[in-house]
Structures are given as structure tokens and as C-alpha cells.
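Q: Got a structure for you, written out below as C-alpha cells; questions coming shortly.
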Amino acid sequence: MSRSTHVLCRAFALTGLLGWSVQGAASAQESLAKTAAEMKPYTQEIPGVNVKFDLVPIPAGEFVMGSPDSEADRGKDEGPQHPVAIAPFWMGKHEVTWDEYDLFCFSLDLKKKAREKVDLDAQPDTEKKADAVTRPTPPYADMTFGYGHNNQPAICITHHSAMEYCRWLSEKTGLLYRLPTEAEWEYACRAGAKTAYFFGDEPEGLEDYAWYVENAEKPMPVGKKKPNPWGLYDMHGNVAEWCLDHYVPDFYKQFAGDKPTLEPFAPPSAEEYPYVARGGSWDDDADMLRSAARRASNPEWSVQDPQRPQSIWWHTDATTVGFRIVRPLNEQEKLKGMKSLVVKGKGTR
């Protein structure tokens, strides 16, 4: 598979559904909100299996993105601060778990259905489209690293792999799911707060809300600490979470000013690195768990991968990285004019 194909897949969350029709999802949406005022928490069942996950509504609003010069341990890439406007969306209450990810990775592929003599032609269109999504290659080692599967966040997943999971889930459910943008992630993490963490400026409060280097030696089952005010668990710590954006160190400079920028976003590029992960992890000090802290992926996340070229699906050394998903309320509005995000590139595999 060419590099340009992989780049297109990375951009899929905002481009790959441009030809997708909401008509197929109408019945699934009947019990869900049509307007921001109607948005409620809901549970998404993955069709055909006994696996489901919860989402909570994130209201539209404005916030100041980035950190002030006075914030302790501030990174240079966290400024300048700038006002941002965010449209409403739902966000996963928890990070995506292995139980959810394994369905995409191993359990529901065409070969398995062929062995079970499933009538492929009789499947619903959503199922056929989901089956057509490219799946990860088998990992050469146990990517759970012995941490288990029981409500554990999926780890060692590349940005490309997380994007393809979102593509598969969207086709499977008939609803648009994707990674959050950096702006959406920080807005949801802050939950209205202007402090370094959603609970204040001092890291001492992390014990109640986060798994990090002071209280964990591995990723922990999701949802064991207290949530933030908007009902989201593990936004600080446990595993850092992929965002949709390509990492641009000075990205914020173009937004300096008093007028809020509507949903800023650094689109995927032809480069495999770097992409943004947010929230810090079980192996991080408190400073990396701050709401404004940014982390860029790099080749060291795959040092132990013996394959040449290295896998586009698995980061052998990213035991601190996972992801969670969002579903925008105004799905079709977010798809307009996004064809320009499909980027051409070079290379193989």
C-alpha cells in the first residue's frame, strides 16, 4: 500500500466520509439529539456483539487555549494563548479499551465470517462497509505487555491505527466517530476551568483524578478515578490520548488576537511523525498532565519494532499512549470543504 493511501486514511476522520449518507444512520439517530439543547449522555452498542461504550455531551462554548506565561512547567509550544470557539459534540466517557479495539483488530474480519459461513451478501450495508476497512497486521508481540484486557485502555496504537478504528466504527454504526482535535480535547479536559488542571493549579489534587508516576506503575483500568466536571474520566493521566492534529510547535502563533477562532485544526500531512497526544500518562510527572501540555509522537515510540519498514499499525514502545473518540453533533457541517485535507505522499507500506 502506498504512503499516499496511508495519508488519506489518516485524514479519513474528516474526509473519508464525504460520500457517506446520513440516511443509513437515521434510525440510529432517532433517539439522539438533533439540536444542542437535546444532547444527552448515551450508550453506543457495537452491532453484532455484546460490547458497548458510553459518551457524554460536551456543550458548545468558547475558551482560552494554551497556557499563560506564568504557569509552572509551561512548554514553549503552549502559547500564545488564544480564544477558541467550539461546536457541540459527544466524547467517550473513557479511553477506548482493548475490548472495543480488538473487535476492529481481530474479531470481525471477512476471513472469520467466511469460516463461519456467514452470508456476506445478506449483511447490512453498514456491515459490508465496515468489513471493507483495512485492518491492522498482527503484532509480532503482545501489545498489552502483560497488562491484560479487562477494561484496560488500548495502548501501542499508532495514529494511523486509531484513525482507521474510527473509520471502521463509523461504518459499523452509521454515525460519524473520529479523534478529537487538539482544541476539542483541551476544551473538554478543562470543562470550563482556566487553571493548569481542571481542579486547580496545584498538582497535589491529581491523586483523586489521575494515574501518573506517583501512584501507578502501568496503565490502569479506565474509570477508577473521579471524573472531571463534564463526566470524563482519565483526562489527566493513565494514557496520553491521540488527537486528530498534526503536531506543529508554533501552531498557536497564527491565532493570536481577541477574536475567537472557530475550531482550529492542523490537518494530517504526508509525514508519519509527529502527531499530537494529550493528557499525560501513568509514567509521566505531574507537569505533563496539565490541560495545556502537548506531546509530539516520534520514531522512538517504535524502537523495538524489528520490521523494516516498521509497522504503520503498532508503536512497540508507546505503552503510555492510547485514544478516545468524539462524535460531532453537526456531522455534515464538519465534512464540508474538507477535500483539501487529502494529502499526496511517497513511500511504501
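Residue 1544 in the working numbering is what sits at position 186 of the sequence shown, and the numbering runs on without skipping anything. Yeah, the Cβ is synthetic: ideal placement off N, Cα and C, and Gly gets one too.
Helix or strand or just coil, what does DSSP make of residue 1436?
A: Helix.
Q: What's the C-alpha gap between residue 1519 and residue 1672?
A: In a straight line, the C-alpha of residue 1519 is about 8 Å away from that of residue 1672.
Q: Excluding the five sequence neighbours on either side, which residues of its own chain have a C-beta within less than 6 Å of the C-beta of residue 1553, listed in chain order?
A: Excluding positions up to five away in sequence, the list reads 1559.
Q: Classify residue 1464 as helix, strand or coil using the three-state DSSP reduction.
A: The answer is helix: DSSP assigns residue 1464 an H, G or I state.
Q: Should residue 1527 and residue 1602 be called a contact, given that it needs their Cβ atoms to be closer than 7 Å?
A: Result no, Cβ atoms of residue 1527 and residue 1602 do not sit closer than 7 Å.
Q: Can you give me the C-alpha to C-alpha distance between residue 1524 and residue 1657, rounded to a whole angstrom?
A: Cα-Cα distance, rounded: 23 Å.
Q: Can you say whether residue 1607 is buried or exposed, counting buried as having 16 or more other CB atoms within 10 angstroms of its CB?
A: When all chains shown are included, residue 1607 counts as exposed.
Q: Output the boundary residues of the beta strand (DSSP E) element that contains residue 1448.
A: Looking at the DSSP string, the run of the beta strand (DSSP E) that includes residue 1448 is 1447-1450.
Q: Can you find the residues in the same chain that come closer than 8 Å, C-beta to C-beta, to residue 1617, ignoring five residues on each side of it along the sequence?
A: Answer for residue 1617: 1441, listed in chain order.
Q: Residue range of the beta strand (DSSP E) that residue 1642 falls in?
A: Premise fails: residue 1642 is in no beta strand (DSSP E) and is neither H nor E.
Q: To the nearest angstrom, how far is the alpha carbon of residue 1503 from that of residue 1447?
A: Whole-angstrom Cα-Cα distance: 33 Å.
Q: Assign residue 1380 to one of two classes, buried (16 or more other C-beta atoms within 10 Å of its C-beta) or exposed (fewer than that).
A: Note that residue 1380 scores a pLDDT of 33, beneath 50, so its modelled location is shaky and nothing firm can be said.
Q: Any contact of the segment 1629-1641 with the segment 1564-1578, i.e. 3+ C-beta pairs under 8 Å?
A: In short, these stretches touch, since the Cβ pair count reaches three.
Q: Please say whether residue 1457 and residue 1409 have beta carbons closer to each other than 7 Å?
A: Their beta carbons are under 7 Å apart, which means residue 1409 touches residue 1457 by this criterion.
Q: Which residue's Cα is closest to the Cα of residue 1584: 1451, 1674, 1667, 1415?
A: Comparing Cα positions, the closest option is 1451.
Q: Over the uninterrupted alpha helix (DSSP H) stretch that includes residue 1537, give me the two end residues.
A: No alpha helix (DSSP H) holds residue 1537; DSSP gives it neither H nor E.
Q: In the DSSP assignment, what are the bridge partners of residue 1672?
A: According to DSSP, residue 1672 bridges with 1515.
Q: In terms of residues, what are the limits of the beta strand (DSSP E) holding residue 1565?
A: Counting along the chain, residue 1565 falls outside any beta strand (DSSP E), though it belongs to the alpha helix (DSSP H) covering 1564-1567.
Q: Let me know if residue 1396 comes out buried or exposed under the rule of 16 or more other beta-carbons within 10 Å of its beta-carbon.
A: With fewer than 16 Cβ atoms within 10 Å of its Cβ, residue 1396 is classed as exposed.
Q: If residue 1517 and residue 1600 are in contact, beta carbons under 8 Å, what's the gap, nearest whole angstrom?
A: Indeed they touch by this definition, with Cβ atoms about 5 Å apart.
Q: Could you check what DSSP says for residue 1600 in three-state terms: helix, strand or coil?
A: Residue 1600 falls in the strand class under three-state DSSP.
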